[in-house]
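Visitor: If you read the sequence shown in our numbering, its first letter stands for residue 75, the second for the next number, and so on. This is the structure, below, for whatever I ask next.
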Amino acid sequence: MAYTCPQCGATYPTDETCEDRFNISQITELERPDYYVVHQLSVPCYMLQHNGYSRLGWLEVYKLLGEFVQGLRPEEARRRMRGNMGSDKRGWSLTRGEKLAGVAGIAWTRTIADVRLDTAEYYCADVRAWAASIIADAAALVRASVGEA
């Protein structure tokens, strides 16, 4: 039976879900270093599209994903995050709390359903394209949301 994700609009010809695909991708990343090289993109992509972060978390992770797309290295991000984004340094939860309104209304051009898992080369290219598409697709919502703050 075909499945369409109510959160991101991804369609699958079977009963596979985005969560199923995400879980498989994360297991593959953990087992295969050549897949893991895009981990800093795959998790935020999934969580942003499925509105898994709090409002503030969503906006911060979106900004960080944009920096990764522009070339920020994971090591630099970790160093920076320890300095100002650690749970002991911020007064808000990354995942708990009010969600960012409007995420469900975004017409995503790519979803996890578009990410091929068959080779590391395809997987990494697809995850990078997915990340860039999220930055573009959500830009108007982010501009409007930051203007509200």
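Cβ coordinates follow ideal geometry from the N, Cα and C atoms, glycine included.
Alpha carbon to alpha carbon, how far is residue 75 from residue 210? Give it in angstroms, no decimals.
Guide: In a straight line, the C-alpha of residue 210 is about 32 Å away from that of residue 75.
Visitor: Figure out for me which residue from 95, 80 and 89 has the closest Cα to the Cα of residue 187.
Guide: Nearest of 95, 80 and 89 to residue 187, Cα basis: 95.
Visitor: For residue 128 and residue 212, I'd like the C-alpha separation in whole angstroms.
Guide: Residue 128 and residue 212: Cα-Cα distance of roughly 16 Å.
Visitor: Is residue 215 closer than 7 Å to residue 166 when the C-beta atoms are compared?
Guide: It is not a contact, given that the beta carbons lie outside the stated cut-off.
Visitor: Using 8 Å as the Cβ pair cut-off and three pairs as the minimum, do the stretch 185-205 and the stretch 78-92 touch?
Guide: Touching, yes.
Visitor: So, is residue 104 buried or exposed, given that buried needs 16 or more other C-beta atoms within 10 angstroms?
Guide: Answer is exposed; the Cβ neighbour count stays below 16.
Visitor: Return the chain-ordered list of same chain residues with a C-beta closer than 8 Å to the C-beta of residue 226, the five sequence neighbours on each side being excluded.
Guide: Since the displayed the chain opens at 75 and closes at 223, residue 226 lies outside it and no answer follows.
Visitor: Tell whether a beta-carbon distance below 7 Å holds between residue 79 and residue 182.
Guide: Against a cut-off of 7 Å, the Cβ pair of residue 182 and residue 79 comes out as no contact.
Visitor: Can you tell me whether residue 145 is buried or exposed, with buried defined as 16 or more other CB within 10 angstroms of its CB?
Guide: Residue 145 is exposed by the Cβ-count criterion.
Visitor: If you measure between the beta carbons of residue 148 and residue 135, is that distance less than 7 Å?
Guide: No, Cβ-Cβ distance for residue 148 and residue 135 is not below 7 Å.
Visitor: How far does the alpha helix (DSSP H) with residue 121 in it extend, from its first residue to its last?
Guide: Element bounds for residue 121: 113-123.
Visitor: My guess is that residue 191 and residue 85 are in contact by the Cβ rule of under 8 Å, so how many angstroms apart are they, rounded?
Guide: Rounded, the Cβ-Cβ distance is 17 Å, inconsistent with contact.
Visitor: Could you spell out where the alpha helix (DSSP H) holding residue 98 opens and where it closes?
Guide: Element bounds for residue 98: 92-105.
Visitor: Could you pull the start and end residues of the alpha helix (DSSP H) that residue 145 belongs to?
Guide: Taken as a continuous stretch (DSSP letters only), residue 145 belongs to no alpha helix (DSSP H), as it is neither H nor E.
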